[in-house]
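For reference, the structure is listed below as structure tokens.
Protein chains: 2
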Amino acid sequence: MNRMNDLLPLAPGMAPVDAMREMGVAARAAARRLAAATAAEKRRALHAAAGALRAAAASILEANAVDVARARAAGNDEAFIDRLRLTEQSVAGMADGVAQVADLPDPVGMLADCQVRPSGIELARMRVPLGVIGMIYESRPNVTADAAALCTMSGNACILRGGSEALDSNRAIHAAMVAGLTGAGLPERTVQLVPTADRAAVGAMLAMTEFIDILIPRGGKQLIARVAEASRIPVLKHLDGICHVYVDSGADLDMAVRIADNAKTQRYSTCNTMETLLVARAEAAAFLPRIGAIYAAKGVEMRACAESKAVLDRAALPGVVAATDADFHTEYLAPIVSIRVVDGLDAALAHIDRYGSRHTDAIVTRDDAHAERFLREVDSASVMVNASTRFADGFEFGLGAEIGISTDKLHARGPVGLMGLTSEKWIVRGHGEVRG
Amino acid sequence: MNRMNDLLPLAPGMAPVDAMREMGVAARAAARRLAAATAAEKRRALHAAAGALRAAAASILEANAVDVARARAAGNDEAFIDRLRLTEQSVAGMADGVAQVADLPDPVGMLADCQVRPSGIELARMRVPLGVIGMIYESRPNVTADAAALCTMSGNACILRGGSEALDSNRAIHAAMVAGLTGAGLPERTVQLVPTADRAAVGAMLAMTEFIDILIPRGGKQLIARVAEASRIPVLKHLDGICHVYVDSGADLDMAVRIADNAKTQRYSTCNTMETLLVARAEAAAFLPRIGAIYAAKGVEMRACAESKAVLDRAALPGVVAATDADFHTEYLAPIVSIRVVDGLDAALAHIDRYGSRHTDAIVTRDDAHAERFLREVDSASVMVNASTRFADGFEFGLGAEIGISTDKLHARGPVGLMGLTSEKWIVRGHGEVRG
């Protein structure tokens with residue numbers, strides 16, 4: 001944390017809580033105008049913002065260099081610096097992302113279930129923006145552009161509070177986007193960035209129930225848990241991605257190897273990465289040595305239950321250790337996998353119910369009845385048959401972009417795109433009908 | 001509050017918090033079985049429950065007589081007794097209501113937006129139950145049967161906590177329904193009634209975040225506000241129904257009179273009743289004396305702004321008093337109406353934004369552009385053109401039944417039926433696809 005930035009006032013002479021309320025009032029006013037903006041207006045404005053980002057690439061990189069130097073001086077590790085660092089290519093990618101969002105279907109104004117009721121009234125549900133979105137995030141400065149684009153396209157005003165470590169980068173990105181958006185006629189307060197690292201601003205933000213309709217925290221589990229605990233504003237979130245692949249008895253083992261490999265090793269740090277591999281007892285002897293050899297070759301540590309450890313040990317594979325109960329509760333986000341042999345489908349369902357995080361779980365099976373039961377009974381945001389958990393993603397699901405993933409059941413669930421930033425209201429067109 | 005009932009233990013020898021947790025664990029187990037129940041199983045069970053209610057009519061009325069006698073002895077007024085009292089007819093109506101819910105379309109398992117993605121995976125969203133519903137309600141014992149039926153049909157287990165004043169009635173209704181449901185093969189804990197008026201049970205219920213997925217309070221505003229403030233479980237609710245009718249300049253005044261009459265006087269005590277009548281200045285002189293004469297004849301007190309009061313006073317109508325600012329913030333639920341003259345559409349929109357409760361608002365207009373702006377810009381759960389606000393209702397909207405009305409924007413909004421008691425998860429059927 002950088003003391004100089006911590007001491008930057010939000011607005012000259014204003015206490016953080018007052019400055020944040022002022023931002024809240026401005027966001028509400030902008031939201032009213034944005035809700036009435038047409039798809040064409042929003043598209044034009046976002047393409048202008050993308051252009052402004054491209055034009056401001058040099059100043060964004062300059063600001064980013066300040067953040068990187070500060071992070072380095074503060075002794076942060078290379079992984080931290082990597083998340084923070086922007087390049088010409090990543091700034092161009094950011095601008096492309098904003099332009100892509102500009103071309104997504106506009107959910108606002110969509111009508112569903114239009115019908116004439118027996119009373120004569122014409123009834124429908126109309127999709128409308130939520131109002132004001134509060135984003136609280138860490139490290140990666142590209143979230144500033146992504147979130148701003150998604151909120152704007154869905155007709156919402158937003159208040160962004162990025163990490164203090166990326167403050168200079170975020171300011172430069174925000175300034176460029178606002179220039180683009182307002183140049184194209186959208187309200188100046190469409191996208192607001194909390195211009196300080198003062199933590200009191202976050203506290204004030206969490207308490208702004210009357211000005212913020214939904215909070216979306218992005219970052220480490222601690223940040224997300226803190227936001228959810230401290231605020232009475234609804235929070236779109238997932239805390240853990242403890243995802244499972246269950247290899248059913250009778251499964252196509254070539255397919256099972258391919259999926260268990262991809263789900264674990266294609267990327268270690270994502271929330272849809274498999275953390276626990278469950279194997280039906282009937283397949284353990286044939287399957288575990290094959291997948292174990294791949295994990296061993298890729299340097300993946302295997303934390304195995306007694307039964308799976310015995311099988312893997314017989315195959316003389318390196319990197320096999322005994323799993324504890326805590327391992328099955330752990331999201332590693334690293335080259336580590338928990339492995340457990342189970343009796344069969346019922347035991348797999350019970351394990352996922354007990355240890356899972358309701359994010360994404362998959363079964364590899366050739367049994368249709370098992371596939372159906374797995375799809376029905378696993379109470380997770382994404383449930384899959386014969387596919388890698390890595391598909392649980394806004395782009396792979398065709399949402400065009402993703403503002404977050406929710407493991408809660410209310411409102412949006414799973415990968416959340418533009419649609420999840422909207423609500424529906426009932427609209428009635430009558431001809432003078434009254435109720436009898 | 002009846003001391004004898006307050007002292008009834010939840011379960012022999014158990015502290016309320018432990019007894020409630022035991023109910024929570026049982027509800028979770030029942031919910032898992034219910035989620036897998038077919039529509040046919042649920043229909044059969046609810047028809048059995050309806051039959052059991054009919055068969056138990058005598059014992060339900062006997063239990064209700066105990067509640068009524070106790071309420072009378074405690075000095076409650078006739079309105080209170082009326083809400084509490086059951087008759088042969090109302091018990092039969094309750095059973096009919098349960099049978100009607102049994103015949104509604106089952107939302108569970110419905111698939112939406114089925115598609116094949118470029119990766120080859122088949123993607124859809126599957127509708128699933130929420131899990132466990134907590135209902136907290138007052139007075140009317142019929143809520144016990146209604147809520148139990150809606151929760152069961154949507155595949156959810158429920159924990160019902162009715163008012164202490166209706167405890168004997170609720171127990172008799174609950175016993176009959178459980179006999180019907182379990183006789184038809186559903187789990188015994190599908191519907192649980194908190195068997196005591198001990199207030200510690202409510203406190204324990206509000207804290208059961210791991211066992212209850214959504215709380216639905218039904219009753220007075222104070223009860224609902226208390227539930228929403230005290231619990232971190234999501235709450236489906238509306239606090240106020242401050243509904244508006246705006247008579248636009250150029251409106252069909254015959255239609256405006258009919259709608260403003262119906263919206264206010266068809267029933268005074270419902271949340272979709274109009275509380276404030278807004279009139280464009282251009283129509284005030286022609287419209288107000290006509291609607292004023294109707295209100296006066298029906299004994300409706302008119303709390304009028306200075307301008308509307310001047311018009312109504314010239315017409316020498318009784319029951320006209322000066323409105324205060326507080327009147328426009330008030331849900332009367334009584335033969336009282338606030339009246340205000342406004343410049344036109346923009347002023348009406350601003351008034352509704354400032355004073356409304358985001359429940360239901362209507363415009364009477366002949367101007368299509370005004371109708372569209374009203375539909376788009378009024379940020380309420382139900383927005384209407386040329387129809388009475390009284391149509392904002394689960395039955396009128398074709399939901400078949402209504403478990404509550406929500407003025408929040410997330411999850412369910414407006415009248416909530418079976419669909420609002422469900423969630424969607426993503427399901428993927430693959431053929432061995434992995435991510436590249």
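Residue numbers (my numbering), protein chains in the order written: chain C, 1 to 436; chain R, 1 to 436. By construction, the Cβ of each residue, glycine as well, lies at the ideal position given by its N, Cα and C atoms. As the structure is a prediction and not an experimental result, all values here were calculated from the model.
Per the Cβ contact rule, the region 129–142 of chain C is in contact with the region 23–31 of chain C (3 or more Cβ pairs under 8 Å). Counting other Cβ atoms within 10 Å of its Cβ, R/Met-208 reaches 16 or more and is therefore classed as buried. DSSP places C/His-244 within a strand segment (E or B) once states are collapsed to three. Beta-bridge partners of R/Lys-425 (DSSP): R/Met-126. With a cutoff of 9 Å on beta-carbon distance, R/Ala-48 and R/Ala-230 are scored as not near each other. Counting of Cβ neighbours within 10 angstroms places R/Gln-192 among the buried residues, the total reaching 16 or more. In the three-state reduction of the DSSP assignment, C/Gln-266 falls in the coil class. When rounded, the separation of the alpha-carbon atoms in C/Phe-287 and C/Thr-273 is 20 Å. One Cα belongs to C/Arg-366, the other to C/Ile-259, and the distance between them is close to 14 Å. Taking all protein chains shown into account, C/Arg-358 has 16 or more neighbouring C-beta atoms within 10 Å of its C-beta and is therefore buried. Proximity of C/Leu-375 to chain R, defined by a Cβ-Cβ separation below 9 Å, is satisfied. With respect to the 9 Å criterion, R/Ala-323 and R/Ala-293 are not classified as neighbours on the basis of their beta carbons.
Collapsing the DSSP output to three states places C/Ile-259 in a helix. Chain-order list of chain C residues neighbouring R/Gly-134: empty, with the shortest C-beta distance near 14 Å, by a criterion of under 7 Å. It is roughly 6 Å from the alpha-carbon of C/Asp-361 to the alpha-carbon of C/Val-245.
Contacts with chain R at 9 Å (Cβ-Cβ) do not include C/Lys-298. The C-beta of R/Met-255 comes closer than 9 Å to at least one C-beta of chain C. In the structure shown, the three-state DSSP call for C/Ile-224 is helix. Of all residues in the region 260–273 of chain R, only Asn-262, Gln-266 place a beta-carbon less than 7 Å from a beta-carbon of chain C. Taking a C-beta distance under 9 Å as the contact criterion, C/Arg-127 and R/Phe-397 do not qualify as a contact pair. If you look at C/Glu-372, you'll find it in the alpha helix (DSSP H) that goes 368–377. The alpha-carbon separation between R/Tyr-295 and R/Met-302 amounts to approximately 8 Å. The criterion of a C-beta distance shorter than 9 Å is not satisfied by R/Gly-120 and C/Asp-252. C/Leu-317 and C/Ala-284 have their alpha carbons spaced roughly 15 Å apart.
Between C/Arg-429 and R/Ala-387, the C-beta gap is smaller than 9 Å, which places the two residues in contact.
For the C-beta of C/Arg-258, the chain R residues within less than 8 Å are, from N- to C-terminus, Gly-432, Val-434.
Residue-level contact by beta carbon holds for C/His-411 and chain R, with a gap shorter than 9 Å.
A residue is called buried once 16 or more other Cβ atoms fall within 10 Å of its Cβ, and R/Leu-410 is buried on that count. In the DSSP assignment, C/Ala-387 falls outside any alpha helix (DSSP H) and within the unbroken beta strand (DSSP E) covering 382–387. Scanning its chain for C-beta atoms nearer than 7 Å, with the 5 sequence neighbours on each side dropped, one finds around C/Arg-140 the residues Arg-83, in chain order. Counting the other CB atoms within 10 Å of its CB gives R/Thr-422 a total of 16 or more, which places it among the buried residues.
Neighbours of C/Ala-387 across chain R, judged by C-beta separation under 7 Å: Ile-121, Val-428, Gly-430, Glu-433. In the three-state scheme derived from DSSP, where H, G and I count as helix and E and B as strand, C/Arg-117 is classed as coil. Per DSSP, R/Glu-275 is one residue of the beta strand (DSSP E) stretching across 274–280. Nearest to C/Arg-267 by alpha-carbon distance, out of C/Asp-113, C/Ala-35, C/Leu-53, C/Arg-390, is C/Arg-390.
Contact fails between the region 335–342 of chain R and the region 217–235 of chain R, because fewer than three Cβ pairs, one in each stretch, are under 8 Å apart.
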